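Structure record follows, encoded as structure tokens.
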Amino acid sequence: MMEKQGRLDDAGDNRWAELQELFVSEARDKEADVLFLGDDHMALLEQSLIYRENLAPLHCLCFGAFGDKISNLSWRLENNILEGLDPKVIVVSIGNSDFDLTEEQMLEALKNVAETIRKQKPLAKLYFMKLLPSGRRPNKRRELVTRINENLEKVLKGTNGQIESHYMFDYVHLTQEAETC
């Protein structure tokens, strides 16, 4: 199992820890129907015109940190980043900086992130973005990303194999919530 870890700042100015404090503070002070979590892609999304004009007004929060790895997001999840929030939807983009992991390690780590989020926010709909290819030409990293993306849904979908009562109240019939999914 991958160790959950905070990040040391190369600049030595504690910016990563301060960003975590900002995320926790925003989680306590704001409402979010949609929460975006993850790495560079989420950090860049928050800076985009599309986000500011179309998503932010819809009660969205975006907690993306440049360079975050799966282990960093796992640490954030264990250190109050979701506390005080009750999002209806959580969207995760993580793993794009984990060049050092094998396919199996990456899939297991992503599964652990999903399980942690589901444990903390069981009613939220959870979506994982697939990893983006990198490099102008085909390369080993792209091949790895392709294999991970091919297996991601299988690994994440229904990780505990149980039907949730908020989707089927008697495990036979759909709830109103499930009908709107």
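Note that the sequence shown covers residues 40 to 220 in this note's numbering. By construction, the Cβ of each residue, glycine as well, lies at the ideal position given by its N, Cα and C atoms. Predicted model only: the values in this text are computed from it and were never measured.
Near residue i, which residues of its chain fall below 6 Å by C-beta distance, leaving aside the five closest residues on each side in sequence?
i           : result
residue 168 : 132
residue 56  : none
residue 164 : 128
residue 172 : 181, 184
Have a look at the options and flag the residue whose alpha-carbon is nearest the alpha-carbon of residue i.
i           : options            : result
residue 107 : 188, 138, 153, 122 : 138
residue 166 : 103, 59, 128       : 128
residue 122 : 75, 188, 160       : 160
residue 118 : 87, 143, 62        : 62
residue 141 : 158, 109, 79, 192  : 109
residue 105 : 80, 86, 87         : 80
Please report how far the alpha carbon of residue i lies from the alpha carbon of residue j, in whole angstroms.
i           : j           : result
residue 98  : residue 181 : 35 Å
residue 58  : residue 154 : 24 Å
residue 112 : residue 60  : 14 Å
residue 96  : residue 130 : 17 Å
residue 73  : residue 156 : 14 Å
residue 64  : residue 100 : 12 Å
residue 178 : residue 68  : 44 Å
residue 158 : residue 144 : 21 Å
residue 88  : residue 176 : 29 Å
To the nearest whole angstrom, what separates the beta carbons of residue i and residue j, a pair I think is in contact under 8 Å?
i          : j           : result
residue 75 : residue 51  : So it is not a contact: roughly 28 Å between Cβ atoms.
residue 66 : residue 116 : No, residue 66 and residue 116 are not in contact; Cβ-Cβ is about 12 Å, not under 8 Å.
residue 71 : residue 126 : 5 Å
Less than 7 Å between C-beta atoms, sequence neighbours within five positions excluded: which residues of the same chain meet that for residue i?
i           : result
residue 195 : 149, 150, 153, 167
residue 170 : 134, 135, 184, 187, 188
residue 53  : none
residue 84  : 75, 90, 101, 103
So, at 8 Å on beta carbons, what are the nonlocal neighbours of residue i in its own chain, with the 5 sequence-adjacent residues on each side left out?
i           : result
residue 174 : 180, 181
residue 190 : 142, 146
residue 78  : 103, 104, 105, 106, 107, 108, 112, 132, 133, 134, 135, 136
residue 193 : none
residue 120 : 59, 62, 63, 66, 76, 102
- [ ] Take every Cβ of the region 84 to 94, pair it with every Cβ of the region 148 to 163, and state whether three or more of those distances are shorter than 8 Å.
- [x] Verdict: no, contact absent.
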